[in-house]
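What follows is a single structure, written as structure tokens, with notes after it.
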Amino acid sequence: MTETIVDALRAELGAEVVFGNDIPARYHNDWAGMSPVLPLALVRPRSTQQVAATMRICNAFKVPVTPQGGMTGLAGGARPIKGGVALSLDRMNGIEEVDTVMATMTVQAGVPLSTAQKAAEDAGLFLGLDLGARDSCLIGGNLSTNAGGNRVIRYGMAREHVLGLEVVLPDGTVVTSLNKMLKNNAGYDLKQLFIGSEGTLGIITRAVLRLQARPAMLASAFCGCPDFPSLLELLKSARQQMGSALTSFEVMWPSFYDFMTQGLPNLRRAFNEPHGAYVLIESGGRDATENEALLQDVLSSALEAGFVTDAVLPSSERETRDLWAVRESVSEYGKLMGPLTAFDVGLPTSAAGKVADAIEAAMTDRWPDAIALSYGHIGDSNLHVVCHIPSAGQDQPHKEITELVFGFIAAEGGTISAEHGIGLLKKPYLGLSRTPEELALMARIKHAIDPNFILNTGKVF
Ligand SMILES: Cc1cc2nc3c(=O)[nH]c(=O)nc-3n(C[C@H](O)[C@H](O)[C@H](O)COP(=O)(O)OP(=O)(O)OC[C@H]3O[C@@H](n4cnc5c(N)ncnc54)[C@H](O)[C@@H]3O)c2cc1C
Numbered sequence: 001m002t003e004t005i006v007d008a009l010r011a012e013l014g015a016e017v018v019f020g021n022d023i024p025a026r027y028h029n030d031w032a033g034m035s036p037v038l039p040l041a042l043v044r045p046r047s048t049q050q051v052a053a054t055m056r057i058c059n060a061f062k063v064p065v066t067p068q069g070g071m072t073g074l075a076g077g078a079r080p081i082k083g084g085v086a087l088s089l090d091r092m093n094g095i096e097e098v099d100t101v102m103a104t105m106t107v108q109a110g111v112p113l114s115t116a117q118k119a120a121e122d123a124g125l126f127l128g129l130d131l132g133a134r135d136s137c138l139i140g141g142n143l144s145t146n147a148g149g150n151r152v153i154r155y156g157m158a159r160e161h162v163l164g165l166e167v168v169l170p171d172g173t174v175v176t177s178l179n180k181m182l183k184n185n186a187g188y189d190l191k192q193l194f195i196g197s198e199g200t201l202g203i204i205t206r207a208v209l210r211l212q213a214r215p216a217m218l219a220s221a222f223c224g225c226p227d228f229p230s231l232l233e234l235l236k237s238a239r240q241q242m243g244s245a246l247t248s249f250e251v252m253w254p255s256f257y258d259f260m261t262q263g264l265p266n267l268r269r270a271f272n273e274p275h276g277a278y279v280l281i282e283s284g285g286r287d288a289t290e291n292e293a294l295l296q297d298v299l300s301s302a303l304e305a306g307f308v309t310d311a312v313l314p315s316s317e318r319e320t321r322d323l324w325a326v327r328e329s330v331s332e333y334g335k336l337m338g339p340l341t342a343f344d345v346g347l348p349t350s351a352a353g354k355v356a357d358a359i360e361a362a363m364t365d366r367w368p369d370a371i372a373l374s375y376g377h378i379g380d381s382n383l384h385v386v387c388h389i390p391s392a393g394q395d396q397p398h399k400e401i402t403e404l405v406f407g408f409i410a411a412e413g414g415t416i417s418a419e420h421g422i423g424l425l426k427k428p429y430l431g432l433s434r435t436p437e438e439l440a441l442m443a444r445i446k447h448a449i450d451p452n453f454i455l456n457t458g459k460v461f
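Set out below in structure tokens:
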């Protein structure tokens with residue numbers, strides 16, 4: 001059987017497929033920190049037709065296929081399967097069109113997010129999706145995970161940036177629906193099935209992205225607040241006074257801010273005095289002077305009311321980058337801590353302060369040397385917690401930590417994944433966030449589209 005699929009793939013795809021030890025290590029694993037896996041074959045197609053041919057062959061042989069983007073996923077979703085085929089979209093990296101009348105961009109799934117952002121800017125427009133992994137993650141991966149990121153509060157999740165999609169189904173059928181229109185109610189909105197389904201229903205090959213007017217000016221401010229309730233008051237007034245000009249509201253607990261700034265000498269602390277909570281606010285507007293004035297107004301009233309104790313407004317691009325560098329240092333915590341257990345939970349914003357404090361306290365109660373760092377896109381109800389037990393070395397008690405954290409989230413009616421998805425890591429816990437009826441419906445959809453269970457087998461369900 002193995003011989004036959006190898007022959008079939010080789011005959012159909014030629015140089016676009018490699019096998020066994022010829023598969024480079026970067027295709028063995030994503031960023032979730034699980035052990036790497038060497039698949040049977042790696043296919044790197046150059047066209048939708050080659051993706052379709054791969055799927056037809058794998059479906060005929062009932063061999064599992066793992067779609068891969070930039071491999072920056074944090075849930076194990078792109079980790080291949082032993083004996084299966086890894087299908088990377090990284091060679092399908094063309095920007096096909098920027099339509100400045102419709103404000104759309106048609107891209108292949110392998111375009112890196114930062115390349116799409118730049119192409120939008122070159123055309124005088126703006127792609128509202130942004131995340132720390134922007135240089136490595138690919139549009140297909142962003143859509144398959146329904147990625148969130150730093151500007152969700154203003155522009156929404158990845159789903160909100162998509163007008164049309166082309167997907168290849170597990171049997172090789174190509175469904176091309178590259179709609180550019182904002183309004184299209186002709187039947188089911190099929191693209192929504194594939195966005196956020198983590199490559200379990202179809203392989204995204206092309207997409208029409210919705211672009212925005214480019215904010216002429218983005219202004220940032222970094223604030224120290226006395227405590228989480230004060231920070232919520234700041235969020236309330238920023239939403240009310242800034243409206244759609246509010247593009248980011250990123251919060252860092254002292255646990256995160258102190259650990260990162262002490263551990264990474266290249267990071268600069270904005271204040272000498274410690275604060276109860278830190279927040280990065282970003283506002284975007286057409287008029288630079290008005291935009292800055294609006295942000296300053298919000299900060300002045302918050303300072304006067306005591307919701308903010310201290311604030312820094314950077315006066316150069318360099319200073320702005322320095323402020324954001326602390327928030328974006330998340331890619332470095334592995335280096336500082338070693339193996340860790342990371343969470344991207346979601347819960348009602350007003351509960352986030354109490355829950356983060358309770359998790360941090362419960363962690364040190366259970367493991368006295370525990371490190372638990374909290375931060376998040378709090379304007380979008382998304383809390384990140386990163387945990388490490390130094391005394392446990394390489395044998396981190398991942399399961400026990402996960403159960404501890406998810407216990408608090410389930411009690412608040414939150415979600416176990418606000419943005420990174422379920423993949424492999426969170427699969428055993430999906431029932432905490434979804435009802436049996438929801439899970440049964442998901443299984444029926446999966447069965448209808450992928451009856452041989454070959455596409456991203458073992459992920460999500
Ligand atoms: C430093 C850093 C910061 C991050 N910040 C954020 C953040 O702020 N917000 C956020 O949401 N995430 C964040 N992430 C997680 C990650 O970057 C996102 O999940 C991203 O969308 C994954 O894109 P990717 O191309 O790397 O996908 P991959 O990791 O390659 O794949 C992710 C999933 O999508 C599937 N897939 C990939 N391409 C396709 C395709 N073309 N068709 C069908 N299925 C496909 C894979 O099978 C897998 O299940 C961060 C990661 C890092 C390392």
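With UniProt numbering, the residue at position 170 of the sequence shown is 170, and numbering never jumps. Even glycine gets a Cβ: it sits at the ideal position worked out from N, Cα and C. All values reported here derive from a predicted model rather than from experimental measurement.
Minimum Cα-Cα distance from A302 among the listed residues D130, A238, L178 corresponds to A238. The continuous stretches of alpha helix (DSSP H) do not include P24, and DSSP gives it neither H nor E. Counting along the chain, the unbroken beta strand (DSSP E) around M252 starts and ends at 246–252. Taken through DSSP and simplified to helix, strand or coil, F222 comes out as strand. Excluding the 5 residues flanking it on each side, P348 has same chain C-beta neighbours closer than 8 Å at S381, E412, G413, G414, in chain order. Short note on N456: C-beta closer than 7 Å to some heavy atom of ligand 1.
Secondary structure note for E438: its alpha helix (DSSP H) is the uninterrupted segment 436–449. When secondary structure is reduced to three states using DSSP, S433 falls in the coil class, being assigned neither helix nor strand.
Beta-bridge analysis with DSSP links M105 to V98, L209. With respect to V107, I139 sits close: the two C-beta atoms are nearer than 8 Å. Close CB contacts of Y257 within its chain, under the 7 Å cut and outside five residues either way in sequence, are with Y278, V326 (chain order). Here the C-alpha atom of G334 lies approximately 19 Å from the C-alpha atom of G149. S329 sits close to M260, with the two beta carbons spaced by under 8 Å. Contact annotation: the segment 420–437 touches the segment 75–89, with at least three C-beta pairs closer than 8 Å.
A direct Cα-to-Cα measurement between M102 and S255 gives close to 45 Å. The Cβ atoms of I401 and I409 do not sit closer than 8 Å to each other.
Taken through DSSP and simplified to helix, strand or coil, V386 comes out as strand. With contacts defined as CB atoms closer than 8 Å, A120 and G164 fail to qualify as a contacting pair. Taking C-beta separations shorter than 7 Å and ignoring five residues to either side along the sequence, the partners of R10 in its chain run V17, following chain order. DSSP places L42 in no alpha helix (DSSP H) but in the uninterrupted beta strand (DSSP E) bounded by 41–43.
A check of alpha carbon separations from I23 across L143, H161, K82, T341 identifies K82 as the nearest. Taking the Cβ atoms as the reference, G172 lies roughly 16 Å from R46, outside the contact range of under 8 Å.
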